[in-house]
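First comes the structure, then the notes that go with it.
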């Protein structure tokens with residue numbers, strides 16, 4: 252309730268409503284569920300990308316910028332010299348009213364000033380490679396008014412990493428085309444299209460404009476920024492065509508509004524691809540057909556409303572698969588709206604892009620994506636199926652796997668590599684969760700490549716088997732699983748030694764002879780091994796079930812013999828064979844992960860060790876704010 | 252003269268003087284000649300680093316920021332609520348006077364407002380890992396005044412690349428210590444010092460402060476930037492100690508000035524290292540001795556003046572080695588001041604950091620560094636010697652070499668790799684230039700590693716020999732040198748084919764069977780081969796001289812037979828054996844590079860082809876703005 256001044260949940264419309272734009276941090280929403288995504292903050296900051304936040308970034312964003320949340324989809328009103336934005340930023344002109352509604356796959360930002368209201372609805376329509384922006388200006392007063400409306404986005408030169416590093420290249424490559432007719436005005440960003448790219452971006456509005464800019468320098472003016480572009484001060488863009496330097500897109504409309512009248516404009520920020528042999532309309536002129544078809548689809552307010560209704564209907568459907576009615580408003584809200592919504596977002600992006608993850612440091616996680624499946628598989632089983640196949644395709648024949656993969660290429664990420672020894676087990680858990688929801692055992696017979704090499708394809712069931720066996724093929728001196736680079740705790744790099752500043756402990760070579768073992772992976776093996784046994788029995792592979800059950804039994808015994816510390820489960824053995832998470836340790840005597848997973852795996856449940864471990868958790872890790880991960884208090 | 256309004260050359264003080272801060276682009280100077288460097292613009296934007304702009308970045312800079320030139324070494328005056336900066340930016344408060352003097356290794360920025368003058372002298376003293384800033388406030392009026400003075404730098408978390416990518420890490424790691432006593436106030440930036448680093452940075456002032464900030468959020472305030480920090484508006488910092496997030500350093504002094512009085516403060520922005528076993532003063536408290544010694548050295552204005560005089564004296568010496576007195580003021584200026592100064596800058600940085608090179612995309616160039624030698628070897632032969640050894644150490648045993656190397660590690664850069672087939676020859680040219688200036692033949696006997704592996708060390712002369720032979724060991728079907736990835740024109744990637752957007756043509760694998768040949772390298776071979784022959788004769792290696800001369804003769808013949816197009820030298824043969832830079836081509840009929848180098852190599856000088864080629868250059872490439880590189884006009 253302390254934060255009440257900033258906003259509230261509106262459960263009836265499934266929205267979070269922000270009423271004060273100056274939130275302590277940008278509060279953001281994620282638009283798009285399929286292949287086109289946008290991050291958008293409550294002041295319209297953020298960026299868009301196609302599939303991959305690193306390799307197909309459409310618009311520029313400045314992480315770690317000052318002021319924070321720098322770059323976005325900005326609209327400006329110049330009302331007789333008073334310049335403001337409906338989202339407050341970037342002008343920061345004080346507004347008469349402000350509201351941001353973050354809903355299911357859309358964000359609506361409304362501001363008013365001196366009797367003019369501007370409302371912008373941002374959403375990514377279903378099956379569309381575009382963000383649609385429906386902007387409505389309304390005259391709240393009794394007299395006719397004329398205002399200037401400006402849009403502004405800054406193009407990213409596709410690769411978000413080189414975009415901020417390689418200026419020798421960037422400043423020479425930017426290319427723009429403009430298309431202006433009675434039906435629309437479109438700025439095309441076609442950098443590198445002449446070279447090897449078959450894709451471009453477009454930012455359009457469904458009316459002819461009075462003026463436009465495509466050069467940042469022309470639009471902003473020297474020594475200025477997005478808070479006070481010179482074009483907006485002038486009330487007019489300069490019809491600049493960027494060639495190199497910093498390509499942008501800005502439309503300028505002059506809008507007459509009778510008393511009480513409102514007018515709506517549709518902006519489309521889209522991404523298009525052409526087949527190699529249909530790249531060009533004529534020499535040097537890009538083939539705009541896919542963009543024109545996209546603009547046609549959203550040419551009228553009615554069409555946009557219909558697309559928006561489709562999106563809402565889709566979310567109504569997704570959220571109806573499982574609902575809860577309790578007496579607790581917050582529990583209902585979490586279970587019925589925001590938790591499934593978050594699960595969908597994390598399924599889409601697997602933490603590859605957020606306001607703290609710059610979208611260029613990593614791809615989708617192997618482990619993460621399998622975990623994310625668990626939260627949404629009941630909503631979209633068919634997409635979970637596809638994802639399982641994608642993930643499994645980045646696995647190696649010995650069951651190990653790339654820790655991450657790039658969503659654009661679906662190829663494993665060599666930078667981070669392999670060797671996180673819990674990773675393979677998660678594939679079993681994701682798959683059994685999918686089968687439990689869908690009853691679709693046929694997925695087990697799908698032929699799935701190893702290391703993205705079709706010639707090495709085997710059934711998905713084969714993948715599950717090698718996943719399980721990867722653990723028992725890699726046991727340490729206590730018969731417990733070798734941890735490899737790390738397990739669920741990515742920072743528990745027990746075999747990785749480095750004295751070089753900046754060198755990643757995760758990607759440095761393991762020191763030879765490492766015997767560090769993870770009791771967490773052992774507990775996972777017990778738990779997930781039983782899932783595997785049940786699956787085998789279900790599909791008539793009784794021999795395989797019996798074989799696996801015997802391994803699980805052995806693992807349980809090893810845990811109780813070597814992985815239990817008297818009152819709780821150990822966390823690990825380190826490189827030198829010393830205990831981690833033991834009463835013997837000065838710090839870090841008990842860790843939560845191995846307690847949770849060993850108990851979920853049933854280890855010591857019948858013989859009492861499990862209950863004692865949970866009592867130790869209660870004694871040593873429980874606080875009024877939840878359970879701590881590690882006991883470090885004296 | 253068109254730009255006269257922005258500034259002028261002051262030859263008597265060897266300065267360029269800027270009189271209007273709003274230059275079309277930031278006009279910058281480079282401070283430091285040895286191991287500590289700063290880039291500084293005419294509005295005090297820029298950053299500092301120790302040796303390597305990628306791996307040891309001290310302060311943060313935002314390339315491609317808006318407004319441009321975002322981040323620097325800023326001073327602010329709060330004079331009874333009027334806030335301004337002597338360099339105009341970042342406040343952009345209109346000044347009563349402004350002047351920036353970019354001199355030899357220093358920059359002095361002076362501004363005044365409402366009867367107060369603030370002047371900041373920035374320089375890196377000789378043999379010092381620090382930028383010293385001498386700030387003088389002067390009361391120009393007849394009444395006593397009191398103003399608040401603020402400093403502000405933002406720390407970079409050492410690696411300039413991950414600093415802008417990996418926020419999951421960055422936001423958790425920032426660490427600061429503060430030391431305040433009667434003699435100075437110092438903010439220590441010690442991020443990762445606890446972990447694997449043995450170095451920290453410090454920003455100090457030689458007086459006790461009234462207040463300070465080390466947290467960016469506390470200093471700037473939410474939704475603000477460097478143009479209007481909340482601390483400055485408040486007239487006081489909040490004594491914040493950063494823990495994670497964004498560590499900065501800001502000092503705040505309250506300065507009383509009698510009529511006509513001036514006061515000077517010395518700020519030191521420094522870098523320090525400790526031996527591994529002397530890292531700590533006490534548990535968690537860094538060993539500050541090297542920083543304290545540094546601050547002691549610059550504790551008084553007199554000491555700073557003396558250090559500044561030493562720097563001037565050093566430049567007087569450097570610029571006295573070769574001077575010219577002509578009737579042309581501009582020629583004198585270029586030869587006596589700015590060209591040698593530029594040569595020193597490019598020697599120091601080899602284009603690894605500028606306002607267009609972000610300092611993280613590349614290291615020092617093998618070819619570039621050898622070329623840069625030619626311009627300054629008469630000024631500092633002993634440093635040229637060291638550089639030659641460093642460069643040669645990144646060479647491979649077959650004469651090929653890394654195209655770039657990192658200045659911090661002096662190791663070859665694997666990202667860009669090898670295969671630029673002109674590179675090896677430049678080492679010969681750099682070495683012979685050094686010997687011609689210094690007479691120091693002993694460098695040829697220095698043992699120099701291959702691929703930085705001491706066990707593979709051979710004499711430098713051996714390096715020169717394999718450099719030369721690398722060309723003749725890699726000849727194409729016309730007996731001309733294979734180009735490899737490229738030659739002097741880094742973009743002439745004739746063997747490199749890629750359809751993958753964003754893939755570098757320079758680092759993609761060459762297509763197998765490539766026979767592209769470079770006439771430019773052939774001309775270089777003729778020219779530099781003769782240097783090598785002369786060197787061999789000089790040191791009594793007549794047999795080697797004769798062997799090399801025979802190869803050079805053969806190459807000249809091959810050029811004239813297969814590399815001449817009737818009226819000029821060809822540029823190359825491509826992957827398929829087709830001519831590049833020929834009258835047969837529709838575009839790009841003649842290129843400048845092969846004309847220049849073949850003629851300098853003496854090819855066709857006696858038989859007339861050289862003169863004809865130069866006539867063709869005059870006919871086809873010469874313009875009133877100089878010689879074009881390629882003939883493309885119809």
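Residue numbers (my numbering), protein chains in the order written: chain R, 252 to 885; chain X, 252 to 885. Every residue gets a Cβ at the ideal spot worked out from N, C-alpha and C, and that includes glycine.
By DSSP's assignment, residue 732 of chain R forms a beta bridge with R:726. The continuous stretches of alpha helix (DSSP H) do not include residue 351 of chain R, which lies in the beta strand (DSSP E) extending over residues 348-354. According to the DSSP assignment, residue 597 of chain X belongs to no beta strand (DSSP E) but to the alpha helix (DSSP H) extending over 590-600. Membership of residue 414 of chain R in any alpha helix (DSSP H) is not indicated, and neither H nor E is assigned to it by DSSP. Per the Cβ contact rule, the segment 396-407 of chain X is not in contact with the segment 579-587 of chain X (fewer than 3 Cβ pairs under 8 Å). In the structure shown, the three-state DSSP call for residue 833 of chain X is coil.
Within chain R, the residues placing a beta-carbon under 8 Å from that of residue 749 of chain X are 447, ordered along the chain. Burial of residue 452 of chain R is indicated by the presence of at least 16 other C-beta atoms within 10 angstroms of its C-beta. Here the segment 709-719 of chain R does not lie against the segment 732-751 of chain R, with fewer than 3 beta-carbon pairs under 8 Å apart. In this structure, DSSP gives residue 755 of chain X a state outside helix and strand, which the three-state scheme calls coil. Looking at the backbone, the Cα of residue 750 of chain X and that of residue 768 of chain X are separated by about 23 Å.
Residue range 513-524 is occupied by the beta strand (DSSP E) that includes residue 523 of chain X, with no alpha helix (DSSP H) assigned at that position. Using a Cβ-Cβ cut-off of 9 Å, residue 600 of chain X does not count as an interface residue toward chain R, since no Cβ of chain R sits closer than that to its own.
At a cut-off of 9 Å between beta carbons, residue 625 of chain X makes no contact with chain R.
Looking at the backbone, the Cα of residue 665 of chain R and that of residue 702 of chain R are separated by about 11 Å. For the segment 533-566 of chain R, there are no residues whose beta carbon sits under 7 Å from a beta carbon of chain X. Contact residues of the segment 328-356 of chain X toward chain R are 340, 343 (C-beta to C-beta distance below 8 Å). Not a single C-beta of chain X is nearer than 9 Å to the C-beta of residue 740 of chain R. Under the Cβ distance rule, residue 846 of chain R does not count among the residues neighbouring chain X, no pair being separated by less than 9 Å. For residue 498 of chain X, the enclosing beta strand (DSSP E) starts and ends at 498-508. Proximity of chain R to residue 476 of chain X at the Cβ level (cut-off 8 Å) is accounted for by 317, 318, in chain order. Taken through DSSP and simplified to helix, strand or coil, residue 480 of chain R comes out as coil.
Contact of residue 409 of chain X with chain R is assigned, a C-beta pair being separated by under 9 Å.
With a 10 Å radius around the Cβ and a threshold of 16 neighbouring Cβ atoms, residue 545 of chain X comes out buried. Its Cα nearest to that of residue 570 of chain R, the residue R:265 stands out among R:876, R:499, R:258, R:265.
Per DSSP, the continuous alpha helix (DSSP H) segment holding residue 847 of chain X begins and ends at 843-851. Going by C-alpha positions, residue 617 of chain R is about 56 Å away from residue 433 of chain X. Nearest C-alpha to residue 684 of chain X among X:843, X:630, X:794: X:630. Nearest in C-alpha terms to residue 364 of chain X, of all of X:682, X:339, X:436, X:721, is X:339. Assignment of beta strand (DSSP E) within the segment 256-340 of chain X, counting only whole runs of 3 or more residues, yields 258-261, 266-269, 279-282, 287-292, 297-301, 308-310, 325-330, 333-335 in chain order. Per the C-alpha coordinates, the member of X:830, X:440, X:556 positioned closest to residue 308 of chain X is X:440. Contact between the segment 352-368 of chain R and the segment 273-284 of chain R is present: three or more C-beta pairs spanning the two stretches fall below 8 Å.
Straight-line spacing of the CA atoms in residue 551 of chain R and residue 517 of chain R works out to 7 Å. In summary, the residues of the segment 442-468 of chain R whose CB is separated from some CB of chain X by less than 7 Å are 443, 447, 448, in the order they occur in the chain.
Shown here for residue 641 of chain X: same chain residues with a beta carbon closer than 7 Å to its own, the five before and five after excluded, namely 661 in chain order. Relative to the Cα of residue 670 of chain X, the nearest Cα in the group X:375, X:718, X:458 belongs to X:718.
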